[in-house]
Amino acid sequence: MIRLRPQSVIYVTLALVGSLPPAARCEEPVDFNRVVRPLLAEKCLPCHGPDEEERKADLRLDVRQSAVDAGAIVPNNPDKSELIRRILADDPDEVMPPPETGEVLTAEQRNLIWRWISEGAKYEQHWAFVPPKRPELPTISNANWIRNEIDRFVLARLEAERLSPSEEADRYTLVRRLYLDLIGLPPTPEEADAFAGDLSPQAYENLVEQLLNSKHYGERWARLWLDLARYSDTNGYEKDRPRTMWPYRDWVIKALNDDMPFDQFTIEQLAGDMLANATDDQRIATGFHRNTMLNEEGGIDPLEYRFYAMVDRVATTGTVWMGLTTGCAQCHTHKYDPITHADYYSMMALLNNADEPDLPIVDDALQTERLDTEAKISELEAALPTQFPPAEGDGPIDERRAKNLEEHFDQWVQEQGATTVAWSVLRPFEMKTNLPHLEVLEDGSILSTGDITKRDIFTLTFDLASLNETEPVTALRLEVLPDERLPAGGPGRCYYEGRKGDFFLSELVVKIDNAVAEIADASHSYGKISIGSGNANAENLFDKDGSTGWSTSGREGQASQLVLNFAKPIAPTGRISIEMLFERHFAASLGRFRISATSQAPAHASEVPVGLEPIFLRHPSSWNKKDQALVRNYFLNTTPLLAEARKPLDALRKKLPETVTAMVLMERPVDNPRVTYRHHRGEYLSPRETVDPMIPAVFAPLTDSLPKNRLEFARWLVSDANPLAARVTVNRAWRAFFGAGLMRTSGDFGTQSDPPTHPELLDWLAIEFVDRGWSQKELHRLIVSSATYRQSSVLSDQLWTHDPENHLLARGPRYRVDAEMVRDIMLKASGQLSEKLLGPSVYPPQPASVTELSYGNMKWNASVGEDRFRRSLYTFSKRTAPFAAYTVFDGPTGENCVPRRNRSNTPLQALTLLNDEMYLELARAIAKRQVANIAPSASKEETAISIFRCLLTRPPSNAELAALLAFQAAQQKRLEAGELNANTILGDNGSHSEVDSATDDGLRSESASWVMVARAIMNVDEAITKQ
């Protein structure tokens, strides 16, 4: 505890009071949140804050009672406050902050702290942790400027600063601004002219409604959400293989177009699987937290990287719905915000009880393709009997063929009847594992779910008396079974370079009443090892060598079996236990299997489907038509005599399209919850005590019923008990329209952030957002309908002096658009933009080296046809090799949550627009389209205006038109002189296929010059700027 020295502060008091000007002594009280808290957070709390591991002298200055009890603060008496003595001390061993921290308090800051203590040292909760209340609308002078309530808050601040709002932007600027903001595409010149010429009072509002109802609205706003969701089409890390994530992206687009209320939008993404009678769409929505990266390196511990994924999920959830840097509490209590180390892992526990399956979904196009292929397969199967080899001899070939078929079929049926064994399914009455969860299904098979490790052990105990057999048990059978819930359809849950349907059974021990049973021999229907060397013989299971074993690699999605014959028959009473060891340098346990017993000997593994066994155990005379059809179809599809005839069938089966799956979450069964631990210093290998699911304690007093699971947590996030969600969401929307939020730090509403520029407006918007049903379209309509939004973005000298960064909103927004919108603007101008919505990602042209240099040497095969010109939202996103043209313009990689993109301005951006293959292609298309769209006798002035307007919307000024014509003439002259190559610019190598079909060199030079004009305008700042 700090020692108090009251006598030593007398001179401090005199000096401090003496240094205050008279006016300062009657100023308004010092605002704790606005003035004192930031000071303490920056200068004091790193050593005297909530982080117990970094705390010095056991003193907390972030909690009033702690500071008072320690004597650091004596309310209303700064003379006796140790804090004042320390901040004004001259002794380097006494002064605070200590010199070695590099932090120094100015005289003004010391004065503020002295005044605050003298006023009672009142602490206030950080404004962001207090539920918002609807503020009174401010009184303003210039009521004529007001279009809605937003403007009152903005104008009140401007009038307080003795500033005036800017005039309204011109019609062409407004229409382009609205189009880019609401649908992410520019208007055509015709659309712009229609708006500019419509002077009716409702013209603006009608345009807003048209754009809000556009199918492209969801595409534009989905891109912003996908930044938060860290969306990508690949897994990340070293392998960075493709994943099927686009169903989630499509769900976001559809939800936004449908104006799904944001609270429901939240709940479905965080816990859609837990809703009553959850639909496939609601399950797909949970892909939000499946966007985490997935490490597929060989030999990793999947649970370790699952932990890292959970770390990302906690941080992302905190950023998106709470605007807090919750990730800072992973390793220790947050240094500045009231989120403890335990709070962090309690939040993790709320999200941690989900498994991560893949959900098969219906894709209409693939479904049609599958049905067509299956119909062809059925036709070929029906024709197989006509291709059976005929018997030798005389007579019609069809009769000899039919006779030979029946003879071989009857002989095969007899063989199967003689060798088929009657098996009885054993149902375990006890199942134990090291971690995975086992469940007995209706057919007696066992399904494994939950987490897996590199050394999983299943111990199953059965009661042989349940078989009701009198004969001794001679053999056991292990069936490994497919299941659509398993990776690749199972039967295993292998995790090696990603999830696979393989498994590796290392050892199997059978015990009879706790005594190890001797196995005489073993057989399997199929065996193959995919990773490592050695065979996959059944005998490997009894060699006491964990490095050998049985696997069925290559037969994912199919059943196989292994049969064990006992050295001595076992009495059909007592208990039998089976211990299965799955040990590898990667996780490789079984996903679904079944154990059966028989009293027949000897027994051997068979490739005959288990479903046919009951048929073969009966005499063929008792078979019904269905039995006969099943048996005959199996014979025709397996007999070696038709191997050649089945080749077209096998080829068709390989062409059957794979089922599309979506990466989703699924809550674990109540009898198998996942335990969450606090990890010391955030280390996976340092788990400590278990933690219960809980929201951060700072919010608990606001909550009537504390959430205990993922669904309750999702509902809490968008309830009145969370003071942050609505504020954070409206702030992100404001940023999207104005280039900066009312809170500049969009992802951090904590104590270290600057206060909002317009705090009352932020709270009013948050309340209004909720009261309007969490409708994002209503929020966007409200913002774009304000006079604030409609201002000109021209920066006057006065504003340059007083508010260069537009904090006060005295002018409209002006900034370079996002990377994807840069390309979409050019696509729209070229006339090649595809209107197609949704579906798998596509591959616009880019240099092959971008992906070839990444791990795995991925080939970027550029899309052709319509897919080549789809909106940038649909571009395939590879985390380790992002699309180059987007990266140049600060596009995200998808590796983490991005609440705010950076905006850089580099020469590489201009070079990309000028020389990138994709943009060259679009420049040619722009020139070709504009030349073709105007009359053949059009003047060069008309051509120049057409190209200018398709890219910039507005008509050019006379000076701009003159400059364009001069540039075009200069380029044409260079082309005709051979200084530039028309074929290279036109991109057709003389084939005249892209811009024009003229063969006259002069005409080709002119055509190429217009391409140069298009490239020049594409590089104009205005072409990629919203203003």
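1165 is the number of the first residue of the sequence shown in the working numbering; add one for each residue after it. Ideal placement from N, C-alpha and C gives every residue a C-beta, glycine not left out. Please read these numbers as outputs of a predicted model, since none were measured by experiment.
Report task. Tell me, please, which residues DSSP counts as bridged to histidine 1601. Result -> Thr1613
**Report entry** Where serine 2169 falls, given that 16 or more other Cβ within 10 Å makes a residue buried
**Finding:** buried
Query raised in the report: Should isoleucine 2188 go down as buried or exposed, given a rule of 16 or more other Cβ atoms within 10 Å for buried?
Result: buried
Query raised in the report: Which same chain residues, not among the five before or five after serine 2155, have their C-beta less than 8 Å away from its C-beta?
Result: In this predicted model, serine 2155 has a pLDDT of only 47, less than 50, meaning its place in the structure is not dependable; the value taken from the coordinates is given anyway. Nothing meets the Cβ criterion.
Query raised in the report: What separation, rounded to the nearest whole angstrom, lies between the Cα atoms of arginine 2064 and leucine 1388?
Result: 9 Å
Query raised in the report: With 16 as the cutoff for other CB atoms within 10 Å, does isoleucine 1616 come out buried or exposed?
Result: buried
**Report entry** Unbroken beta strand (DSSP E) run spanning leucine 1726, endpoints
**Finding:** 1724-1734
Query raised in the report: So, is alanine 2146 buried or exposed, given that buried needs 16 or more other C-beta atoms within 10 angstroms?
Result: buried
Requested in this report: Give the DSSP-derived three-state secondary structure of threonine 1623 in the structure shown.
Outcome: strand
**Report entry** Inter-residue Cα distance where the pair is phenylalanine 1757 and arginine 1657
**Finding:** 12 Å
Query - Bounding residues of the alpha helix (DSSP H) (the contiguous stretch that carries serine 1994) - result: 1983-1994
Query raised in the report: Just the Cα atoms here: how many angstroms apart are phenylalanine 2131 and valine 2177?
Result: 7 Å
Query - Inter-residue spacing [alpha-carbon to alpha-carbon] between isoleucine 1859 and lysine 1872 - result: 9 Å
Report task. Just mark tryptophan 2174 as buried or exposed, buried being the case when its beta carbon has 16 or more other beta carbons within 10 Å. Result -> buried
**Report entry** Pick from Asn1240, Arg1250, Asp1215 that is closest to glutamate 1283, judged by C-alpha positions
**Finding:** Asn1240
**Report entry** One or two residues paired with threonine 1762 in a DSSP bridge
**Finding:** Ala1639
Requested in this report: Measure the Cβ-Cβ separation of leucine 1631 and alanine 1761 and say whether it is below 9 Å.
Outcome: yes
Query raised in the report: Among the residues of its own chain, which have a CB less than 6 Å from the CB of alanine 1356, if the five just before and after it don't count?
Result: Tyr1336, Val1339, Thr2117
Query raised in the report: Does DSSP classify arginine 1954 as helix, strand or coil?
Result: coil
**Report entry** Closest by C-alpha distance to aspartate 1709, when choosing among Ala1815, Ile1693, Leu1672
**Finding:** Leu1672
Requested in this report: Determine the direct distance from the alpha carbon of leucine 2129 to that of aspartate 2185, and round the result to whole angstroms.
Outcome: 19 Å
Query raised in the report: Does DSSP put tyrosine 1659 in a helix, in a strand, or in coil?
Result: strand
Query raised in the report: What's the call for histidine 1783, buried or exposed, on a 16-neighbour Cβ count within 10 Å?
Result: exposed
Report task. Report, in whole angstroms, the separation of the C-beta atoms of proline 1865 and tryptophan 1291, which I expect to be a contact under 8 Å. Result -> Going by Cβ atoms, the distance from proline 1865 to tryptophan 1291 rounds to 16 Å, so no, they are not a contact pair.
Report task. Assign phenylalanine 1593 to buried or exposed, taking buried as 16 or more other Cβ atoms, counted over all protein chains shown, within 10 Å of its Cβ. Result -> exposed
Query raised in the report: So what's tryptophan 1787 in DSSP terms, helix, strand or just coil?
Result: coil
Query raised in the report: Residue range of the alpha helix (DSSP H) that serine 1510 falls in?
Result: 1505-1515
Requested in this report: Starting from tyrosine 1841, trace the beta strand (DSSP E) both ways and give me its first and last residue.
Outcome: 1841-1843
Query raised in the report: Hey, phenylalanine 2053 and glutamine 2010 are a contact pair by Cβ (cut 8 Å); roughly how many whole angstroms apart?
Result: About 13 Å; that fails the 8 Å criterion.
**Report entry** Within the segment 1529-1572, ranges of the beta strand (DSSP E) (whole runs, at least 3 residues)
**Finding:** none
Requested in this report: Ignore the nearest five residues each way along the sequence and tell me which others in histidine 1749's own chain have a CB closer than 6 Å to its CB.
Outcome: Gly1463
Query - Backbone CA spacing between phenylalanine 1452 and proline 2056 [nearest angstrom] - result: 16 Å
Query raised in the report: What span of residues does the beta strand (DSSP E) with threonine 1337 cover, start to end?
Result: Taken as a continuous stretch (DSSP letters only), threonine 1337 belongs to no beta strand (DSSP E), being part of the alpha helix (DSSP H) at 1335-1347.
Report task. Please name the residue in Thr1489, Ala1307, Pro1887, Ile1277 whose C-alpha comes closest to that of serine 1245. Result -> Ile1277
Report task. Drop a sphere of 10 angstroms on the beta-carbon of glutamine 1289, count the other beta-carbons inside from all chains shown, and report buried for 16 or more, exposed for fewer. Result -> exposed
Query - Contacts around arginine 1564, its chain only, beta-carbon distance under 8 Å, and the 5 residues preceding and following it disregarded - result: Pro1554, Ala1555, Glu1556, Gly1557
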